[in-house]
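Using the UniProt record's numbering, the letters of the sequence shown correspond one by one to residues 1 to 79.
All C-beta atoms in this analysis are idealised placements derived from N, C-alpha and C, irrespective of residue type, glycine included.
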Amino acid sequence: MWFHGGYWRALPKEGNSFVALGLVSTGISVAVVDYPLGPVVSLDEIVRQTRSAVAWLHRHGREHGLDTSRIHIGVSSGA
């Protein structure tokens with residue numbers, strides 16, 4: 001799972017998700033996750049929504065051909 005950087009306050013997922021293409025080209029599946037930004041929403045709400053995205057992928061990943069026992073989270077906000 002790819003959580004874009006931006007201090008939870010800036011940049012859309014499209015801003016640096018192009019880097020995920022390098023992983024995809026090697027056969028690694030990547031879910032690029034978007035989330036609402038502060039200060040429009042609270043940090044608690046951002047965390048709630050990102051945790052919800054992780055739970056969704058864990059529940060539904062197999063439907064999309066993913067091995068849900070091997071979910072990794074990273075990049076700036078997910079590091």
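Measuring alpha carbon to alpha carbon, tell me which residue in the options is nearest residue i.
i          : options           : result
residue 5  : 51, 22, 27 and 33 : 33
residue 74 : 54, 61, 60 and 37 : 54
Look at the alpha carbon of residue i and the alpha carbon of residue j, and state the distance between them as a whole number of angstroms.
i          : j          : result
residue 35 : residue 70 : 22 Å
residue 42 : residue 23 : 31 Å
residue 48 : residue 10 : 18 Å
residue 39 : residue 63 : 35 Å
residue 51 : residue 58 : 11 Å
residue 56 : residue 25 : 24 Å
residue 67 : residue 27 : 13 Å
residue 65 : residue 19 : 22 Å
Ordered along the chain, which non-local residues of its own chain (more than five positions away) have a Cβ less than 6 Å from that of residue i?
i          : result
residue 76 : 5
residue 1  : 31, 33 and 73
residue 61 : 68
Please go through the same chain and pick out, in chain order, the residues whose beta-carbon is closer than 7 Å to the beta-carbon of residue i, but skip the five residues on each side of it.
i         : result
residue 8 : 37, 38, 43, 46 and 77
**Prompt:** Can you list the alpha helix (DSSP H) stretches of 4 or more residues lying completely in the UniProt domain "BD-FAE-like" (2-79), in chain order?
**Reply:** 20-24 and 43-60
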